[in-house]
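Position one of the sequence shown corresponds to residue 120 (our numbering), numbered consecutively onward.
Here a beta-carbon is modelled for each residue, glycine too, at the ideal position from N, C-alpha and C.
These figures come from a predicted structure and were not determined experimentally.
First up is the structure itself, then whatever we jot down about it.
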Amino acid sequence: AAGMMRRRVGSIPAVVGALWVVTALFPGLILIALTIDLVRRVRPLPDPLPLGERGTLATVRLCVFLLCFLVIENLGLLLLLWTFLSTGAGSRARAARTFAIQRIYSGLLLRSVTWVFSLKFVVHGSELVRPGPLLVFCRHASLVDVLIPGGFIANVHLLELRYVLKRELLAEPCLDVAGHWIPNHFVDRRGLDTEKELAAIGALKAGIGENEGVIIYPEGTRFSASLRAALLEKLTGPELARAQRLRHLLPIRPGGAITLLAAAPSCDVLFVGHHGLEGLTRLEDIWRGSLVGRTVTIQFWREPASSIPEGNEARLQWVNDRWQRMDDWLETLS
């Protein structure tokens, strides 16, 4: 609790102050950003900026999105403050309002990214999402795809999502506050107490209802070709053969995924694949302009709870087979 308070004493004023500073300086920031983008276009600059990515006004777009992000973050904090003052700790009313704020927050962020970077989304299989309860296994390939579940599952279908997230995201105050008022788990990826982490992940299914779901990114981190190559060097035997067949996905880290499959109660499993956000693992990739104008294709597959086998080995094979199906689908679009 003391660590949480220290973190929030730093993060909340920082976000509030940043909004005031960026708003006050915004005209000047836009002029500087526009100058950078014009220089890029007129005078060739050294790599890593390819010729085809000049002229996208990526620096201007990043400045606009920064302001959008800070406005949304501060709006989220105001809504959470109102919820704190008007509901009791641990009450259903507080949880319901927090889930609604989570939907508003994620929806506004997705709309901002879509507008600022001129994105287009094409969705297949959306009718498979309802009803819950669901386990949601989502591909992770970029900085942007974390908005897909909130935008296309929680907002479109009004499902209350419980997230498995990395602990580093607690630096974002809206996620920190809301994430502790409703069932979520922030994973400590240092692996200091794996048993405790898995128990907390499995507990996310406790009391889950038909309007709820638990989402996890089974790869554990964002895909990149270099990371895939590094993982292949460490694997041997059947694990290596299975990983080599995956061309666009990382092998599943079985701990969290298998724990959720094994935990009661039974839930159908929704697999979420997407294509079009590859190669955006760092802010530098977005600054290069490569996000602008992309078309993102989203595909949902749903597996009934009755198809999940007994035993962890069989469950791992089951989920790996479906992960391979997603990889094969990505290959057809590549």
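### Task
Examine chain B for any beta-carbon lying closer than 8 Å to the beta-carbon of leucine 346, and answer yes or no.
Absence of chain B from the displayed structure is noted, only one protein chain being present.
### Task
Please name the residue or residues paired with phenylalanine 419 in a DSSP beta bridge.
Val391
### Proximity of arginine 364 and glutamine 418 at Cβ, strictly below 8 Å
no
### Query
Taking the runs of the beta strand (DSSP E) that are 3 residues or longer, which of them lie wholly in the stretch 211-246?
239-243
### Message
What does the alpha-carbon distance come out to for the pair aspartate 312 and alanine 318?
### Response
10 Å
### Query
What separation, rounded to the nearest whole angstrom, lies between the Cα atoms of leucine 346 and isoleucine 371?
13 Å
### Query
For isoleucine 334, does the three-state DSSP call read helix, strand or coil?
strand
#### Entry: Through-space distance from glutamate 358 to valine 306, alpha-carbon basis
24 Å
### Query
What are the uninterrupted segments assigned as beta strand (DSSP E) that are 3 or more residues long and contained completely in the stretch 295-375, given in chain order?
304-306 and 331-335
### Query
Taking C-beta to C-beta, are leucine 389 and leucine 253 nearer than 8 Å?
yes
### Task
Grab me the residues of arginine 361's own chain with a C-beta within less than 7 Å of its C-beta, minus the 5 sequence neighbours each way, in chain order.
Pro370 and Asn439
#### Entry: Integer-rounded CB distance, given that serine 237 should sit under 8 Å from glycine 412
5 Å
### Query
Between the Cα of glycine 136 and the Cα atoms of Leu196, Met124, Asp156 and Leu181, which residue gives the shortest distance?
Leu196
### Query
So what does DSSP say about glutamate 291, is it helix, strand or coil?
coil
### Message
Just to check my reading of the structure: isoleucine 377 and leucine 284 have Cβ atoms closer than 8 Å, yes? What is that Cβ distance to the nearest angstrom?
### Response
Contact doesn't hold; Cβ gap of about 19 Å is too wide.
### Message
Just to confirm the assignment, what range does the alpha helix (DSSP H) spanning phenylalanine 256 have?
### Response
That residue, phenylalanine 256, is in no alpha helix (DSSP H); its beta strand (DSSP E) goes 253-257.
### Message
Distance check for leucine 227 and tryptophan 234, CA to CA, integer angstroms please.
### Response
10 Å
### Message
Rounded to whole angstroms, what is the Cα-Cα separation between valine 391 and valine 183?
### Response
29 Å
### Rounded C-alpha distance that separates phenylalanine 188 from leucine 198
15 Å
### Query
Tell me which same chain residues have a C-beta within less than 7 Å of the C-beta of glutamate 329, skipping the five on either side of it?
Pro250, Gly251 and Pro252
### Query
Can you tell me where the beta strand (DSSP E) with arginine 180 in it begins and where it stops?
Looking at the DSSP string, arginine 180 is not in any beta strand (DSSP E); the run it does join, the alpha helix (DSSP H), is 177-205.
### Query
Can you tell me whether DSSP reads leucine 399 as helix, strand or coil?
strand
### Query
With which residues is arginine 281 paired in a DSSP beta bridge?
Val333
### Query
Is tryptophan 300 buried or exposed, if buried means 16 or more other CB atoms sit within 10 Å of its CB?
buried
### Query
Just reading off the alpha helix (DSSP H) that glutamate 432 is part of, what are its end residues?
431-452
#### Entry: arginine 104 and glutamate 450 closer than 8 Å at C-beta
Since the first and last residues shown for the chain are 120 and 453, residue 104 lies out of range.
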